[in-house]
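Asker:
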Amino acid sequence: MSKQQQHWEKTRGLLFVTLAIWFVFSIGIFFFGAEMQESNIRPFGYPLTYWFTCQGSLGIFVILIFWFAGRQEKIDEEFGYSEKEDD
Amino acid sequence: MFKGKFIDNLPKIYGTYTGGFLVFIILMAIAEQAGMSAKLIGIFFVAFTVLIYALIGYLSRTLQVDAYYVAGRQVPTVFNGMATAADWMSGASFVAMAGGIYFKGYGYMALLVGWTGGYVLVASLLAPYLRKFGCYTVPDFIGTRYGGNAARLCAVLVLTVASFTYVTAQINATGTIASVALDIPFGIAVYVGLASILMCSMLGGMRAVTWTQVAQYIVLIIAYLLPVFWISNKLGAGVFPHFMLADEVARIAELESQFGLGTVKNSAADLATVPKGLAGITKAHSDVNTTPWKFISLAVCMMAGTASLPHVMMRYFTTPSVKSARRSVGWSLFFIFLLYSSAPMLATLSKLSLMDPNLATGIIGKSIADVQSLDWYQNWNQANLMFVSDFNGNGTLELNEFFMGGKAVVLATPEIAGLPYVISGLVAAGGMAAAMSTADGLVLAIANALSHDLYYKIIDPKAETAKRLIVARVLLVIIGFAGATIAALEIQGILGSVIWAFDFAMSGLFFPLVLGVWWKRANAQGAVAGMLLGLASGTAYLVWVRTGGAGFWGVTQLTFGIVGSLVSLVSMVVVSLMTKAPDAATQRMVDEVRVPSGKTVLGKQH
């Protein structure tokens with residue numbers, strides 16, 4: 042397998058992990074909205090589903106994107122595909 | 003004061019600007035104490051900020067193609083994040099979202115999840131690859147990746163339909179705010195809003211829009227957060243509302259049952275007397291009150307729509323590198339998060355201020371005559387955004403007898419909570435900034451697609467730079483006027499039109515864009531089929547449901563993108579596989595796009 046193919050394999054792997062996390066917090070948990078709302082886990086005292094819709098999922102997405110960007114940069118470096126001129 | 007290049011001085015320039023704006027707010031507060039009228043304060047706020055944007059637009063004028071289309075590709079990561087956040091957060095986010103949550107509760111909070119979750123798709127599936135491609139517009143990518151004018155033309159078509167639906171809503175929002183703040187009729191205010199939008203974008207294209215959007219973000223975020231923190235502290239609800247409103251959320255649930263929410267219903271005859279567009283509270287504040295699919299389908303549409311809307315995507319064409327495009331998506335979402343996580347808090351505080359009889363501001367349970375004599379009630383009643391009526395004739399105001407327009411939740415809450423008028427002026431300026439920045443991005447996206455892809459790439463490929471840029475500007479004005487004319491008709495509310503725009507974009511563009519990067523086998527025939535059939539089936543479904551059709555799978559007129567994009571995916575895959583694979587040059591191009599380093603696929607000037 043060429044260097045470029047290996048790079049793309051790894052990039053795809055990272056995409057699947059990222060999309061899996063994304064799926065859980067944007068779609069998956071909301072199948073159980075009614076059950077979660079009754080749960081005893083109450084972040085900052087808010088009902089759980091309410092908290093996820095107004096802060097939890099949103100915050101997780103922000104962190105997820107920065108994590109994804111960092112991992113992708115590592116993959117690019119590993120194969121020598123980083124850009125020279127960076128800001 | 004500022005030595006060296008403009009780009010190197012950005013933190014200083016915008017730091018000074020922010021300081022200046024804060025001083026302006028303080029001056030206005032002093033003027034209010036000295037007896038300046040509320041109307042004059044509103045005019046000052048809107049006029050002053052709009053003039054600043056126009057000045058930035060003028061200073062960023064340019065005669066270069068790559069500055070006009072992609073701001074010279076030198077916008078630093080964090081600043082591009084701010085510009086994207088302003089580009090993204092429209093009148094719907096700023097003026098209408100908290101209202102939607104206020105009235106509809108959980109069901110509308112799908113918008114919060116959808117409008118943020120989409121950025122994960124943008125960052126991982128599209129933005130870095132399109133940046134590497136080096137295109138000027140989204141149809142530029144489609145046209146070059148798939149080859150041929152047909153694909154390019156289809157992309158222009160989808161882009162225009164989606165963005166135009168969106169832009170009418172934004173011009174409507176600028177018109178609403180301008181008409182309230184400047185006290186002029188809506189029909190005229192729409193054109194005042196349009197003039198301010200064009201001033202920002204006409205001379206400098208993307209470069210001007212970028213630097214005004216950063217300035218607009220600063221105004222809108224101050225205008226949104228300051229009242230939320232102020233009201234929360236004033237009510238003693240918590241120093242930092244986002245983490246401390248749990249008791250208030252619980253208190254609202256308690257009041258809702260006390261006031262008989264859901265048990266006391268208005269008769270149809272009573273409701274007929276309520277002015278059009280106003281609504282009462284009918285859904286519980288924090289209950290999970292919809293079926294999971296209803297919530298999830300709306301979130302899915304908003305997420306896929308986010309990843310297909312060209313005015314957002316083209317912001318990532320302006321960063322210096324692929325790496326910074328990726329990081330910039332993260333910053334965009336961070337800046338958006340600041341406002342979105344505050345919207346439910348504002349809805350909570352607004353509702354509590356109105357409902358809680360223990361608070362001085364509470365009106366439910368007071369006598370109707372008292373409420374009708376309140377200053378703020380009279381103001382907003384005149385603006386046709388608030389209404390009370392004694393349906394049961396007992397002389398006191400019940401929860402089901404108070405009606406408000408969705409826009410009023412953001413615009414009127416500072417006044418209701420008893421904040422000085424200067425805050426209301428600030429909020430008006432913020433709403434104006436939000437609507438203008440998005441309208442600018444959208445008008446520019448349409449005009450650029452028409453001037454670059456339709457005029458230059460298809461009609462007259464030999465056109466000189468000067469001529470290209472003149473065509474681009476003329477189109478900008480024409481599209482702006484067309485948008486304003488339709489906005490003046492007020493066909494659909496702000497939030498409804500915006501949601502439609504996402505569904506249109508998702509129906510036609512999501513899969514052709516994503517598969518363009520992630521599936522080498524996708525070819526021009528497939529892409530054309532995907533775009534056309536996706537858009538056509540989505541539109542047909544919308545028309546069908548709007549004209550009384552039953553629909554299927556629980557897909558409503560707000561989520562028709564699900565139907566459109568599924569048709570788009572299936573037809574694109576089937577047609578691609580039935581026709582010839584793309585040639586070797588195209589396959590090499592896709593390989594090239596997948597590697598961050600090296601030259602862009604399209605040249606610097608094209």
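Line by line, the protein sequences are chains A and B.
Numbering (our numbering) for the first sequence: 42 to 128.
Numbering (our numbering) for the second sequence: 3 to 608.
Where is the CB? At the ideal position from N, CA and C, for every residue including glycine.
Since the structure is predicted, the reported quantities are computational estimates derived from the model, not experimental observations.
Check each candidate in B:D185, B:V331 and B:R253 and name the one with the smallest Cα separation from G120 of chain B.
Answerer: B:V331
Asker: Since I believe A474 of chain B is in contact with A449 of chain B (beta carbons under 8 angstroms), could you give me their beta-carbon distance rounded to a whole number of angstroms?
Answerer: 6 angstroms
Asker: Given a limit of 8 angstroms on CB to CB distance, which residues of the region 95-107 of chain A reach chain B?
Answerer: C95, Q96, S98, L99, G100, F102, V103, L105, I106 and F107
Asker: When you check each C-beta in the region 421-445 of chain B against every C-beta of chain A, which residues fall closer than 9 angstroms?
Answerer: none
Asker: For the beta strand (DSSP E) containing V390 of chain B, list its first residue and its last residue.
Answerer: For V390 of chain B, the enclosing beta strand (DSSP E) has its first and last residue at M388 to V390.
Asker: Per the contact definition of three or more C-beta pairs closer than 8 angstroms, is the region 257-273 of chain B in contact with the region 74-82 of chain B?
Answerer: no
Asker: Cα-Cα, which of B:A98, B:L113, B:F135 and B:G207 is closest to I179 of chain B?
Answerer: B:A98
Asker: With 16 other CB atoms within 10 Å as the buried threshold, where does A61 of chain A fall?
Answerer: exposed
Asker: Which partner residues of A281 of chain B appear in the DSSP bridge assignment?
Answerer: The secondary-structure analysis by DSSP pairs A281 of chain B across a beta bridge with B:M406.
Asker: Can you tell me which of B:G566, B:R63, B:I190 and B:K296 puts its alpha carbon nearest to the alpha carbon of A486 of chain B?
Answerer: The shortest Cα separation from A486 of chain B among B:G566, B:R63, B:I190 and B:K296 belongs to B:I190.
Asker: I want to see whether chain B comes within less than 9 angstroms of S123 of chain A, judged by CB atoms only; does it?
Answerer: Among the residues facing chain B, S123 of chain A is included, as its CB has a counterpart in that chain under 9 angstroms away.
Asker: Check the DSSP bridge columns for S369 of chain B and list the partner residues they point to.
Answerer: In DSSP, S369 of chain B forms a bridge with B:T398.
Asker: Which class does F483 of chain B belong to by DSSP, given the choice of helix, strand or coil?
Answerer: helix
Asker: Does the distance from the CB of V565 of chain B to the CB of G528 of chain B come in under 9 angstroms?
Answerer: no
Asker: Please confirm if the region 115-126 of chain A is in contact with the region 283-302 of chain B, defined as three or more CB-CB distances below 8 angstroms between the two stretches.
Answerer: no
Asker: On the criterion of 16 or more Cβ atoms from any shown chain inside 10 Å, does T167 of chain B qualify as buried, or is it exposed?
Answerer: buried
Asker: Along the region 294-307 of chain B, what residues have a CB closer than 8 angstroms to any CB found in chain A?
Answerer: Cβ contacts with chain A: P294, F297, I298, A301, V302 and M305.
Asker: Name the two residues that bound the continuous alpha helix (DSSP H) containing D377 of chain B.
Answerer: D377 to Q384
Asker: Are at least three pairs of beta-carbons, each pair with one atom in the region 501-519 of chain B and one in the region 529-548 of chain B, less than 8 angstroms apart?
Answerer: yes
Asker: Say whether the region 235-242 of chain B touches the region 449-469 of chain B, bearing in mind that this needs 3 or more beta-carbon pairs closer than 8 angstroms, one atom from each stretch.
Answerer: no
Asker: Let me know the secondary structure DSSP gives L324 of chain B once reduced to three states.
Answerer: The sequence shown places Val at residue 324 of chain B, rather than the Leu named in the question. In this structure, V324 of chain B counts as helix in the three-state DSSP scheme.
Asker: For A210 of chain B, count neighbouring Cβ atoms within 10 angstroms of its own Cβ and tell me buried if that reaches 16, exposed if not.
Answerer: A210 of chain B is buried by the Cβ-count criterion.
Asker: If I follow the unbroken alpha helix (DSSP H) through W66 of chain A, where does it start and stop?
Answerer: The sequence as given places Phe at residue 66 of chain A; Trp does not occur at that position. Element bounds for F66 of chain A: K44 to S67.
Asker: Can you pull the chain A residues whose beta carbon is under 9 angstroms from the beta carbon of F339 of chain B, in chain order?
Answerer: By Cβ distance, chain A contributes Q96, L99, G100, F102 and V103.
Asker: Helix, strand or coil, according to DSSP, for N82 of chain B in the structure here?
Answerer: helix
Asker: For G427 of chain B and V25 of chain B, I'd like the C-alpha separation in whole angstroms.
Answerer: Computed Cα separation, rounded: 15 angstroms.
Asker: Taking only beta-carbon positions, decide if A112 of chain B is within less than 9 angstroms of chain A.
Answerer: yes
Asker: Do you know whose CA, among B:L335, B:T549 and B:V595, lies nearest W520 of chain B's CA?
Answerer: B:V595
Asker: From the DSSP output, in three-state form, read off L354 of chain B for me.
Answerer: In the structure shown, L354 of chain B sits in a helix (DSSP, three-state: H, G or I).
Asker: What's the call for L29 of chain B, buried or exposed, on a 16-neighbour Cβ count within 10 Å?
Answerer: exposed
Asker: Whole angstroms is fine: what's the gap from I365 of chain B's alpha carbon to D377 of chain B's?
Answerer: 13 angstroms
Asker: Please determine, among B:N174, B:A197, B:M201 and B:L413, the residue with the shortest C-alpha to C-alpha distance to F188 of chain B.
Answerer: B:N174
Asker: Below 8 angstroms between beta carbons is the criterion; list the residues of the region 569-599 of chain B that meet it against any residue of chain A, in chain order.
Answerer: D593, R596, V597, P598 and S599
Asker: What does the alpha-carbon distance come out to for the pair S344 of chain B and R63 of chain B?
Answerer: 35 angstroms
Asker: Against H244 of chain B, what residues of chain A qualify as contacts under a CB-to-CB distance less than 9 angstroms, listed in chain order?
Answerer: Listed along chain A, the residues sitting closer than 9 angstroms to H244 of chain B by beta-carbon distance are F85, C95 and Q96.
Asker: What is the C-beta distance between K459 of chain B and R154 of chain B, in whole angstroms, given that I count them as a contact (C-beta under 8 angstroms)?
Answerer: Cβ-Cβ separation between K459 of chain B and R154 of chain B: approximately 6 angstroms, consistent with a contact (criterion under 8 angstroms).
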